[in-house]
Amino acid sequence: TERSLVLVKPDGVRRGLTGEVVRRIEAKGYTLVALELRTATPELLAEHYEEHQGKPFYEPLVEFMLSGPVAAMVIEGERCIEGFRSLAGATDPTVAAPGTIRGDLGRDWGLKVQQNIVHGSDAPESAAREIGIWFSELA
Ligand code: ATP
2 TERSLVLVKP
12 DGVRRGLTGE
22 VVRRIEAKGY
32 TLVALELRTA
42 TPELLAEHYE
52 EHQGKPFYEP
62 LVEFMLSGPV
72 AAMVIEGERC
82 IEGFRSLAGA
92 TDPTVAAPGT
102 IRGDLGRDWG
112 LKVQQNIVHG
122 SDAPESAARE
132 IGIWFSELA
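Residue 2 is where the sequence shown starts when you use full-length UniProt numbering, and the numbers rise one by one after that.
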């Protein structure tokens, strides 16, 4: 069985969507292994978004991710990495399919970063890496 790191980003927490995201994860049949509300730090985000350092949206992305608490969780279930990304929908909430978290609950707010409610690991290697960053006790 597989594990993935999921974050409800600050926009999602601010809008009171944490429960809705958890509801969809549980309704899909995945299990919560860890769940914690926390505020990121620049150091943690530098690790988490290692691959995006230097990109034009990196600074606004970090600023956004520091703008309030995130709900960090580890979920578990067969193929839950792919499964959660399917629940989340496309990166750009304007075009994310209806039925997905981003498609149903997100929109463009005209800002420099996509405020797209959730993050989910994109592969087994990144899931292991991200779980180690956010929940070192589970690594
Ligand atoms: P997904 O992989 O499902 O598209 P993600 O969160 O993994 O979502 P990444 O490509 O890893 O997407 O980008 C990380 C985050 O950076 C995005 O979720 C979004 O908040 C922001 N982002 C990505 N690309 C852009 C962009 N072109 N303009 C503005 N913000 C962006």
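Virtual Cβ for every residue (Gly too), placed ideally from N, Cα, C.
| Query | Result |
| --- | --- |
| Test item: CB-CB of E27 and I82 under 7 Å | no |
| Any non-hydrogen atom of ligand 1 within 6 Å of L6 CB | no |
| Candidates L112, R103, A73 and L139, of which the one nearest L38 by Cα | A73 |
| Cutoff 8 Å; reference residue 1; Cβ partners in own chain excluding five residues on either side | Past the boundaries of the shown model lies residue 1; the chain is included only from 2 to 140, so the question cannot be answered. |
| Given 8 Å, three or more beta-carbon pairs between the region 31-50 and the region 99-117 | no |
| L139 versus I132 - alpha carbon distance | 7 Å |
| Environment of R86 [buried if 16+ CB atoms lie within 10 Å] | buried |
| Ligand 1 heavy atom lying under 6 Å from the CB of T101 | no |
| Distance cut-off 6 Å: F58 Cβ against heavy atoms of ligand 1 | yes |
| Environment of W110 [buried if 16+ CB atoms lie within 10 Å] | exposed |
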